[in-house]
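The sequence shown lines up with residues -22 to -1, 1 to 232 when you count with mature numbering (1 follows the signal peptide of the UniProt record, and there is no 0). Cβ coordinates follow ideal geometry from the N, Cα and C atoms, glycine included.
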Amino acid sequence: MRALQLLLLLGMLLSPATLSVARKPRRENRDREVYGNGKIFDITHEINPNMPTWESKDGLGQFIWLVDSMKNGSKLNSSQFKLSTHTGTHIDAPGHVYEEYYEAGYNVNSLDLDVLNGPALLVDVPRDSNITAEVMKSLNISRGVRRVLFRTLNTDRKLMFKKEFDSSYVAFMEDGAKWLVENTDIKLVGVDYLSSAAYVNTIPPHLIFLKKRKIILVEGLKLDNIIPGHYNVHCLPLRMIGADGSPARCILVK
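Printed below as a string of structure tokens:
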């Protein structure tokens, strides 16, 4: 009789109803990139230990620590993190390359949210070249277009998914940046690797773009599996005083 009672008790403990309570919650939205029935695209790279960082072979590494842990008796979980202001999908402020602007407070907190939000054009750049003046001419970007996201060979090569920094990434050359400033109305420049300027000549394109504080650079965008064309972009940096850049969350809305 006692054995029968034990079997009945064990059956109750292992019943589907009991097991459903014990299961961990499902993370249904983890790694999700498309929302709103295909109208909203997350173009922000997930910050993780294996993502590339500037000139590093080892990737980002550990960046977040659980300071208070419920497993260890705390009443809640609370973390701290440490990141470069130019980690992953991020925004450059004028103070990134101009000392006088940095001292004057032209940091991410001063960036124009009107530029960072609004109609945008996603274009495919020819895959055999950095973005030169000749390439810019070939894209035939109309006057009046204020925000352009440039998808390059970087996306095809999945460089933002590789731990080791790759200096062969595609980006703007000095003449390409100059042509954009002088011949277009573009105020937001978005690129698909860690810098808008090619590695062989990193600083001059930044100086050209940021000289008049009218253009905002958004770097490290995730642009795979999105059809080229017109969207609305929304890209928001953290509101930090004194920061020359900031990680950002960026989305496209069709």
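Cβ distance (whole Å) where D170 is taken to contact R129 below 8 Å: Taking the first residue of the sequence shown as 1, we reach residue 170 at position 192. Taking the first residue of the sequence shown as 1, we reach residue 129 at position 151. Sure, about 6 Å apart at Cβ, within 8 Å.
Residues that I42 bridges to, as DSSP identifies them: Sequence index remark: in the sequence shown, residue 42 carries index 64 (1-based). DSSP lists F59 as partners of I42.
Inter-residue Cα distance where the pair is G168 and L199: The residue you call residue 168 lines up with position 190 of the sequence shown. The residue you call residue 199 lines up with position 221 of the sequence shown. So the two alpha carbons sit approximately 7 Å from each other.
Beta-bridge pairing of Y80 - partner residues as DSSP gives them: Within the sequence shown, the letter at position 102 stands for residue 80. None, per the DSSP bridge assignment.
Cβ neighbours of D20 in the same chain (closer than 6 Å, five flanking residues each side left out): Taking the first residue of the sequence shown as 1, we reach residue 20 at position 42. E11 and I229, listed in sequence order.
Runs of beta strand (DSSP E) lying entirely within the region 65 to 152, each at least 3 residues, in chain order: Uninterrupted beta strand (DSSP E) stretches at least 3 residues long and entirely within the region 65 to 152 occur at 68 to 70, 95 to 102 and 125 to 129, given in chain order.
Collapsed DSSP secondary structure at N179 in the structure displayed: Position 201 of the sequence shown, counted from the start, is the residue given in the question as residue 179. Helix.
Where N118 falls, given that 16 or more other Cβ within 10 Å makes a residue buried: Counting from one through the sequence shown, the residue named residue 118 turns up at place 140. Answer is exposed; the Cβ neighbour count stays below 16.
Where N210 sits in the DSSP three-state scheme: As a first step, residue 210 is located in the sequence shown; it is residue number 232 there, counting from the start. The answer is strand: DSSP assigns N210 an E or B state.
Inter-stretch contact at 8 Å, needing at least 3 Cβ pairs: the region 130 to 141 / the region 16 to 34: Because the criterion of three Cβ pairs below 8 Å is met, the region 130 to 141 and the region 16 to 34 touch.
Proximity winner among N132, R135, A175 and K189, relative to E160 (alpha-carbon distances): Start at 1 with the first residue of the sequence shown, and residue 160 comes out as number 182. Taking only the C-alpha atoms, the option nearest E160 is K189.
Beta strand (DSSP E) runs contained entirely in the region 187 to 232, provided each spans 3 or more residues: 194 to 197, 207 to 215 and 223 to 231
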